[in-house]
Amino acid sequence: MQHQYGIPTPKSEYIRIRITDENYYCNEENCDEFFILGEKGEIQDHYELVHGWKNIQLSDFTFFVTNGKQETEITHAELLEWVKDKARGGIFESIQKQRQDRKPTKDDIQEMKKLSKEMKKTPCTYPTTKANENYDLNHDKNSDPKTRGFLEIPIDVVEKIIGKLGLVDRFGDCFPYRWVWELFWVWELLSVDVVDHILKNLGLVDKLSTRQVCRELRALVDKQISSFQYVYLYIRPGTCSIRIQSGGILYYKEDNLKKTLKNFSTFITNPNWKFENLSINFFKNTDEAVLLLDSMLANYQIHVKNITIYEPTLKPMVTLLPRLQPNVLESIDFEFEENKQDLMKKIMKMDQWKNAKKLNLTNITHGFTIENMFHFKEFRIEEMNITDEYLVKIRDILFKSPTFEFCSLWGSSGGDHPEVDDGEVDEELDELEQSVNKVMKQHAAYDASTKQYRVSKDYYFQIDLGRFMGFLNLVILKEKSN
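Numbering (UniProt numbering), first residue to last: 1 to 482.
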């Protein structure tokens with residue numbers, strides 16, 4: 001079956017969109033994306049860019065809301081009326097109240113007549129009460145086993161119940177635990193201990209949703225010690241987005257840069273939350289974004305083990321690196337095009353640089369102080385000119401680098417070099433080998449035949465040279481003597 005624009009149709013005749021008090025939710029299979037309610041065009045853009053739909057019209061969408069137990073479709077007119085109502089409550093309750101207060105129209109009466117005719121075609125039947133394997137119209141319910149109260153259920157059983165509901169969440173909700181919070185805060189059936197136990201098992205997406213329910217839940221979420229695998233922040237032409245561990249994506253229009261960064265800073269600065277990987281990609285508005293982030297993170301030390309920043313200049317790294325806990329940060333990875341010596345010197349003076357164990361750099365320029373990298377346990381440079389000057393510095397610093405174990409240096413001049421067939425002479429690789437041997441053998445600890453540079457009776461550095469994908473590669477690896 002094809003859509004009127006020549007593309008596959010969804011499972012139903014319309015694109016079904018779930019709406020909450022704050023967000024639109026994509027209802028496509030395996031899609032967790034949601035958008036701020038009131039931002040026009042975002043949901044259409046998402047279906048075109050992500051799911052391949054073209055020329056999406058408002059008439060292609062049908063909207064529904066749910067209170068966790070029931071769902072009901074709403075019209076575009078009802079949605080607009082709710083948005084305009086300044087004294088509005090929750091969307092589900094408000095829509096139901098609108099319908100109760102609204103006087104029936106001629107169209108409503110006609111629709112009810114049609115429905116009445118259909119209901120007569122399918123009469124309902126009601127089974128009698130079954131007791132002791134026999135149907136008994138006089139069965140006394142007082143003789144049934146006593147039902148246990150919710151607070152009497154063990155925590156592990158509660159956890160299984162909630163986990164099961166999360167798996168069969170029929171509304172496609174990225175936050176399947178909302179019914180628990182309704183029970184807890186409206187009817188007060190759950191103890192704080194039970195809720196706290198449930199919160200421990202939520203992912204970052206669900207914890208962020210839980211924080212928005214009420215002040216009490218926000219306090220419970222924030223005080224928990226939590227660890228998350230990764231967070232990605234993208235700032236690019238057209239949109240800003242935050243990708244988080246559970247796969248959820250928050251989209252914001254480009255002119256809402258401040259809102260995006262505020263949401264990002266809200267959870268990244270939580271002192272009880274730890275992040276394994278943080279990646280920030282700046283594709284546009286770099287200066288503005290860096291200034292906003294710097295002001296939002298100014299009074300915090302973020303718990304991040306691995307930081308990656310993609311940006312043509314070093315300015316974001318100079319600004320944001322001091323905001324990370326120096327004794328926690330282990331890996332630094334930044335890709336850039338412009339290599340300014342003054343900015344690199346500032347970075348090298350930071351405790352975050354001095355205490356990190358791993359480093360990945362896009363490139364270095366002539367005159368770069370490569371000896372300032374050998375405190376890292378390992379490092380990689382993707383593009384550099386491997387000169388005799390650098391080789392001398394490397395040779396001399398190896399004896400003074402007890403923590404260094406590995407580095408991989410890629411020669412920039414090899415990028416345009418054609419692949420060398422077996423048996424052919426690679427003149428450029430031969431020249432590099434001659435340079436390495438010439439520089440290294442000036443020290444008696446170097447054996448040119450094995451390319452081993454012994455720094456103690458127990459350890460030596462093995463030097464390997466090669467060419468991969470057209471690029472020259474020099475590898476230094478610390479080895480233990482037999």
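Ideal Cβ positions, reconstructed from N, Cα and C, are used throughout, including at glycine. Just so it is clear, the structure is predicted and the values come from calculations on it, not from any experiment.
Going by beta-carbon coordinates alone, are Gln462 and Leu472 separated by less than 8 angstroms?
Looking up residue 462 in the sequence shown gives position 462. Looking up residue 472 in the sequence shown gives position 472. No.
My parser needs the beta strand (DSSP E) runs of 3 or more residues fully inside the stretch 248-308; what are they?
249-253, 273-282
Between which residues of its own chain and Leu257 is the CB-CB distance below 8 angstroms, once the five residues before and five after are set aside?
Within the sequence shown, residue 257 is the residue found at index 257, counting from 1. Once the five neighbours on either side are set aside, the close Cβ partners of Leu257 are Ile235, Cys240, Asn285, Glu288, Ala289, Leu292.
Go ahead and pull the three-state DSSP assignment for Gln224.
Translated into the one-based positions of the sequence shown, residue 224 becomes position 224. It is coil, neither helix nor strand.
What do you reckon, are the CB atoms on Lys354 and Glu330 nearer than 8 angstroms?
Along the sequence shown, read from residue 1 onward, the residue named residue 354 stands at position 354. Along the sequence shown, read from residue 1 onward, the residue named residue 330 stands at position 330. No, the pair does not count as a contact, with Cβ atoms beyond the cut-off.
Classify Asp464 as buried or exposed, calling it buried when 16 or more other Cβ atoms lie within 10 Å of its own Cβ.
Position 464 of the sequence shown, counted from the first residue, corresponds to residue 464. Classification of Asp464: exposed, given that the 10 Å Cβ count is below 16.
Per-residue burial, Pro316 [other beta carbons within 10 Å of its own, 16 or more giving buried]
Within the sequence shown, residue 316 is the residue found at index 316, counting from 1. Under this definition Pro316 is a buried residue.
Run of the beta strand (DSSP E) containing residue 483, from where it starts to where it stops
There is simply no residue 483 to check, as the chain begins at 1 and stops at 482 in what is shown.
Between the stretch 31-38 and the stretch 69-76, can you find at least three pairs of beta-carbon atoms closer than 8 angstroms?
no
DSSP has Ser143 in a bridge; who is on the other side?
Within the sequence shown, the letter at position 143 stands for residue 143. Bridge partners of Ser143: none, in fact.
Could you say which of Ile394, Phe406, Ile397 lies nearest to Lys377 if we only look at CA atoms?
Translated into the one-based positions of the sequence shown, residue 377 becomes position 377. When each option's Cα is compared against that of Lys377, the closest is Phe406.
DSSP beta-bridge partners of Trp410
In the sequence shown, counting from the first residue as 1, residue 410 sits at position 410. Partner(s): Asn473.
Contiguous alpha helix (DSSP H) assignments of at least 4 residues, all confined to the stretch 323-410:
341-348, 351-355, 388-398
Taking one C-beta from the stretch 81-88 and one from the stretch 43-50 each time, how about it: are there three or more such pairs within less than 8 angstroms?
Result no; under three Cβ-Cβ pairs closer than 8 angstroms.
Opposing strand residues paired with Leu465 [DSSP bridges]:
In the sequence shown, residue 465 corresponds to position 465, counting from 1. Per DSSP, Leu474.
Per DSSP, the bridge partner or partners of Ile15
The sequence position of residue 15 within the sequence shown is 15, counting from 1. Phe61, per the DSSP bridge assignment.
Give a yes or no on whether 8 angstroms exceeds the smallest Cβ distance from Ala444 to chain D.
Annotation note: the requested chain D is absent from the structure, which comprises a single protein chain.
Spatial neighbours of Phe468 within its chain, please: C-beta separation below 8 angstroms, excluding the five flanking residues on both sides.
Here the question's residue 468 lines up with position 468 in the sequence shown. None.
Measure the CB-CB distance between Tyr459 and Glu479 and report whether it falls below 8 angstroms.
Taking the sequence shown and counting its residues from 1, the one referred to as residue 459 is at position 459. Taking the sequence shown and counting its residues from 1, the one referred to as residue 479 is at position 479. Yes. Within cutoff.
Can you check DSSP and say which residues form a bridge with Phe92?
What you label residue 92 is simply residue 92 of the sequence shown in a count that begins at 1. Partner(s): none; Phe92 has no beta bridge.
Is it the case that the Cβ atoms of Ile91 and Ile19 are separated by a distance below 8 angstroms?
Locating residue 91 in the sequence shown gives position 91, where the first residue counts as 1. Locating residue 19 in the sequence shown gives position 19, where the first residue counts as 1. Yes.
Gly263 versus Asn270 - alpha carbon distance
As a working note, residue 263 is residue 263 in the sequence shown. As a working note, residue 270 is residue 270 in the sequence shown. Inspection of the sequence shows that residue 263 is occupied by Asn rather than by Gly. Distance between the alpha carbons of Asn263 and Asn270: 12 angstroms.
Straight-line gap, Arg218 to Lys345 (C-alpha atoms, nearest Å)
Here residue 218 corresponds to residue number 218 of the sequence shown, with the count starting at 1. Here residue 345 corresponds to residue number 345 of the sequence shown, with the count starting at 1. The alpha-carbon atoms of Arg218 and Lys345 are separated by roughly 41 angstroms.
For my contact list, Phe334 and Phe374 are in at a C-beta cut-off of 8 angstroms; report their separation, rounded to the angstrom.
Residue 334 sits at position 334 when you count from the first residue of the sequence shown. Residue 374 sits at position 374 when you count from the first residue of the sequence shown. With a Cβ gap of about 18 angstroms, Phe334 and Phe374 do not count as contacting.
Leaving aside the five residues before and after Ile56 along the sequence, list all residues of the same chain whose C-beta is less than 7 angstroms from its C-beta, in chain order.
Mapped onto the sequence shown, residue 56 falls at position 56. Counting only Cβ-Cβ distances below 7 angstroms, and skipping sequence neighbours, we find Gln44, Tyr47, Glu48.
Give me the residue from Gln452, His303, Gln229 with the minimum Cα distance to Ser265.
Numbered from its first residue, the sequence shown carries residue 265 at position 265. The shortest Cα separation from Ser265 among Gln452, His303, Gln229 belongs to His303.
Buried or exposed, going by whether 16 or more other CB atoms sit within 10 Å of the CB of Glu311?
Taking the sequence shown and counting its residues from 1, the one referred to as residue 311 is at position 311. By the beta-carbon neighbour count (other beta carbons within 10 angstroms, threshold 16), Glu311 is buried.
Give me the Cα-Cα distance between Ile386 and Ser226, rounded to the nearest whole angstrom.
Taking the first residue of the sequence shown as position 1, residue 386 is located at position 386. Taking the first residue of the sequence shown as position 1, residue 226 is located at position 226. Straight across, the Cα-Cα distance linking Ile386 with Ser226 is about 44 angstroms.
Express the C-alpha separation of Ile370 and Ile381 in angstroms, rounding to a whole number.
If you number the sequence shown from 1, residue 381 lands on position 381. If you number the sequence shown from 1, residue 370 lands on position 370. About 10 angstroms.
How far does the beta strand (DSSP E) with Leu75 in it reach, from first residue to last?
The count along the sequence shown starts at 1 and reaches residue 75 at position 75. Checking the displayed sequence, the identity of residue 75 turns out to be Thr instead of Leu. Taken as a continuous stretch (DSSP letters only), Thr75 belongs to no beta strand (DSSP E), as it is neither H nor E.
Since Phe63 and Ile95 are thought to touch, with beta carbons under 8 angstroms apart, how far apart are those beta carbons, to the nearest angstrom?
The sequence position of residue 63 within the sequence shown is 63, counting from 1. The sequence position of residue 95 within the sequence shown is 95, counting from 1. The pair is not a contact, with the Cβ atoms about 10 angstroms apart (cut-off 8 angstroms).
Quick one: grab the DSSP three-state call for Thr20.
Position 20 of the sequence shown, counted from the start, is the residue given in the question as residue 20. It is coil, neither helix nor strand.
Three-state secondary structure assigned by DSSP to Asp45
Taking the first residue of the sequence shown as position 1, residue 45 is located at position 45. It is helical.
Around the Cβ of Met348, are there at least 16 other Cβ atoms within 10 angstroms (buried) or fewer (exposed)?
What you label residue 348 is simply residue 348 of the sequence shown in a count that begins at 1. By the 10 Å Cβ count, Met348 comes out exposed.
Taking only three categories from DSSP, how would you classify Ile36?
Locating residue 36 in the sequence shown gives position 36, where the first residue counts as 1. The answer is strand: DSSP assigns Ile36 an E or B state.
Start-to-end residues for the beta strand (DSSP E) that takes in Gln452:
Counting from 1 along the sequence shown, the entry for residue 452 is found at position 452. Start and end: 452-454.
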